[in-house]
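J.: Questions regarding the structure given below will be posed in turn.
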Amino acid sequence: MQFPPDVVRVLKTLDEWSFDVFALSDAACSQPVKYLGYDLLNRYGMIHKFKVPPVTLETFLSRVEEGYCRHKNPYHNNLHAADVAQTVHYMLCQTGLMNWLTDLEIFATLVAAIIHDYEHTGTTNNFHVMSGTETALLYNDRAVLENHHISASFRVMKDEECNILQNLSREEFREFRTLVIDMVLATDMSFHFQQLKNMKNLLTLAEPSVDKSKALSLVLHCCDISHPAKRWDLHHRWTMLLLEEFFRQGDKERELGLPFSPLCDRNNTLVAESQIGFIEFIVEPSMAVCSDMLESILGPIHSTCKPSDGAQQSISEDAEIDRAKNGSTSSPKRSLKFKIKKPWTACLGENKKSWKEQAARDAELRAQQQQEQSDGAVTTEE
Numbered sequence: 043m044q045f046p047p048d049v050v051r052v053l054k055t056l057d058e059w060s061f062d063v064f065a066l067s068d069a070a071c072s073q074p075v076k077y078l079g080y081d082l083l084n085r086y087g088m089i090h091k092f093k094v095p096p097v098t099l100e101t102f103l104s105r106v107e108e109g110y111c112r113h114k115n116p117y118h119n120n121l122h123a124a125d126v127a128q129t130v131h132y133m134l135c136q137t138g139l140m141n142w143l144t145d146l147e148i149f150a151t152l153v154a155a156i157i158h159d160y161e162h163t164g165t166t167n168n169f170h171v172m173s174g175t176e177t178a179l180l181y182n183d184r185a186v187l188e189n190h191h192i193s194a195s196f197r198v199m200k201d202e203e204c205n206i207l208q209n210l211s212r213e214e215f216r217e218f219r220t221l222v223i224d225m226v227l228a229t230d231m232s233f234h235f236q237q238l239k240n241m242k243n244l245l246t247l248a249e250p251s252v253d254k255s256k257a258l259s260l261v262l263h264c265c266d267i268s269h270p271a272k273r274w275d276l277h278h279r280w281t282m283l284l285l286e287e288f289f290r291q292g293d294k295e296r297e298l299g300l301p302f303s304p305l306c307d308r309n310n311t312l313v314a315e316s317q318i319g320f321i322e323f324i325v326e327p328s329m330a331v332c333s334d335m336l337e338s339i340l341g342p343i344h345s346t347c348k349p350s351d352g353a354q355q356s357i358s359e360d361a362e363i364d365r366a367k368n369g370s371t372s373s374p375k376r377s378l379k380f381k382i383k384k385p386w387t388a389c390l391g392e393n394k395k396s397w398k399e400q401a402a403r404d405a406e407l408r409a410q411q412q413q414e415q416s417d418g419a420v421t422t423e424e
């Protein structure tokens, strides 16, 4: 597949945490999934290892891209798909997680990231249930969208010209399909707190044994909600797009006589406060548990597998800190707890600070408007 020069240039930053998927989309003529998906599957050797015909992969990715654009969503579209796939790539490559996985597991993880919101309607599961859509009826109100993303994606892959799985053995196909189903179903936010609780409990054990499907499901879920952990300019842009999508749902709810879902009333939503809450109660705890899980998984293997530069740097930094605290000048011992680099920590802190500043400005403006309205009412009475 031919890559335009501007796309090649943008993809040189693919290994960075705050990769700019908006720049990729501009360079790729609004086809970020096609180019990023192909590049990722090629980088990991999946095209060669699983004998995926390049033309078939290109057709599959183009079809997936079309499905993401079907409902013209501000947020849940092909840019979000590409963004999540790139973030999953970061987690696989820069933490060293790929060293723990088989080729088939990596293949399933990348494809799950690419298709995880395929044909998203721009409305929530709750909206589907409350308005009684055909999709809600089909999936009995359970993980309505997630079930559709999976089912519709595998239906695409059954089409001969899109069948990227055509050369998998029956056993490989079953394992691939099971992993993709598990991972995408786990992106349903209704499972969020239980998913985090289960992993936290597991990691408290003396020698935790983490199930690969559970680990990959948590990674995909965290990547799916990771934009507040990216650079401010990217996070702010994603936030505005997501809120516009919520507001459009709120407009539909008003038309249908349904109560407004959270954050969907365009006239009564406190944007900054909502983002502070989302960061503090959802994203920060998720990234913390995911980090702990990755360190637990990779600790036992990092001495036999060369970790990524990010992981090595983190080990070195932690060793320096520990030695400084203990007043030691000796070299770090191999028994030091394995640490991954966590670029999201700084981004979360900076973004939360920015939203708090915005919240203060918004509160001041609201108070001023209320005072003006109050003064106006007094004048009218006089």
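For reference, each letter of the sequence shown is one residue, going 43 to 424 in this note's numbering.
Glycine included, each C-beta is placed from N, C-alpha and C at the ideal position.
Going by Cα to Cα distance, which pick from G164, F233, V186, H113 is closest to V171?
T.: Relative to the Cα of V171, the nearest Cα in the group G164, F233, V186, H113 belongs to V186.
J.: Candidates P301, L262, V313, V325: which alpha carbon is nearest L284's?
T.: V313
J.: Is it the case that the Cβ atoms of L336 and T144 are separated by a distance below 7 Å?
T.: no
J.: For I156, I'd like the list of residues in its chain whose CB is within less than 7 Å of its CB, leaving aside the five on either flank, ordered along the chain.
T.: V75, G79, V106, A123, A127
J.: Can you check which of these residues, N393, A405, C389, A409, is closest to W59 by C-alpha distance?
T.: C389
J.: Beta-carbon within less than 6 Å of T163's beta-carbon, same chain only, minus the 5 sequence neighbours each way: which residues are those?
T.: H113
J.: With L152 and E188 assumed to form a contact (beta carbons below 8 Å), what rounded beta-carbon distance in angstroms separates them?
T.: 18 Å between Cβ atoms; not a contact.
J.: So, with DSSP's three-state summary, where would you put K256?
T.: helix
J.: Suppose you measure from the CA of N119 to the CA of S268; what does that come to, to the nearest Å?
T.: 16 Å
J.: By the three-class DSSP mapping on this structure, what secondary structure does I382 have?
T.: coil
J.: Where do the N-terminal and C-terminal ends of the alpha helix (DSSP H) with Q236 fall, by residue?
T.: 234 to 245
J.: In its own chain, which residues sit with a C-beta less than 8 Å from the C-beta of M199, not counting the 5 before and 5 after it?
T.: F102, N205, I206, L207
J.: Give the C-beta separation of F45 and F92 to the nearest angstrom, bearing in mind that I take them to be a contact with Cβ-Cβ under 8 Å.
T.: The pair is not a contact, with the Cβ atoms about 21 Å apart (cut-off 8 Å).
J.: Are the beta-carbon atoms of H131 and Y160 separated by less than 7 Å?
T.: no
J.: According to DSSP, is M335 part of a helix, a strand, or is it coil?
T.: helix
J.: For L134, does the count of other Cβ atoms within 10 angstroms reach 16, so buried, or fall short, so exposed?
T.: Answer is buried; the Cβ neighbour count reaches 16.
J.: Return the CA-CA distance between D224 and T98, expressed in angstroms with no decimal places.
T.: 25 Å
J.: May I ask you to report which of helix, strand or coil DSSP gives M43?
T.: coil
J.: Work out the CA separation of Q413 and N243 for me, nearest whole Å.
T.: 50 Å
J.: Look at the alpha carbon of A194 and the alpha carbon of F218, and state the distance between them as a whole number of angstroms.
T.: 16 Å
J.: Can you give me the Cβ contacts of W280 inside the same chain, cut-off strictly under 6 Å, excluding the 5 residues immediately before and after it?
T.: Excluding residues within five positions, the ones whose Cβ falls inside 6 Å are H269.
J.: At the level of alpha carbons, what is the spacing between Q411 and C111?
T.: Their backbone Cα atoms lie some 40 Å apart in a straight line.
J.: Drop a sphere of 10 angstroms on the beta-carbon of C306, count the other beta-carbons inside from all chains shown, and report buried for 16 or more, exposed for fewer.
T.: buried
J.: Which of the three DSSP states is assigned to P374 in this structure?
T.: Here P374 scores only 40 on pLDDT, less than 50, and its place in the model is too uncertain to base an answer on.
J.: At 4 residues or longer, and completely inside the segment 157 to 205: list those alpha helix (DSSP H) runs for me, N to C.
T.: The segment 157 to 205 is shown to contain whole alpha helix (DSSP H) runs of 4 or more residues at 167 to 173, 176 to 180, 186 to 200, in chain order.
J.: Grab me the residues of D48's own chain with a C-beta within less than 7 Å of its C-beta, minus the 5 sequence neighbours each way, in chain order.
T.: A69, listed in sequence order.
J.: With three or more C-beta pairs closer than 8 Å as the rule, is the segment 228 to 241 touching the segment 171 to 181?
T.: no
J.: Look at V476 and L238 and say whether their C-beta atoms are less than 7 Å apart.
T.: Because the chain is modelled from 43 through 424, residue 476 falls outside the range shown and cannot be assessed.
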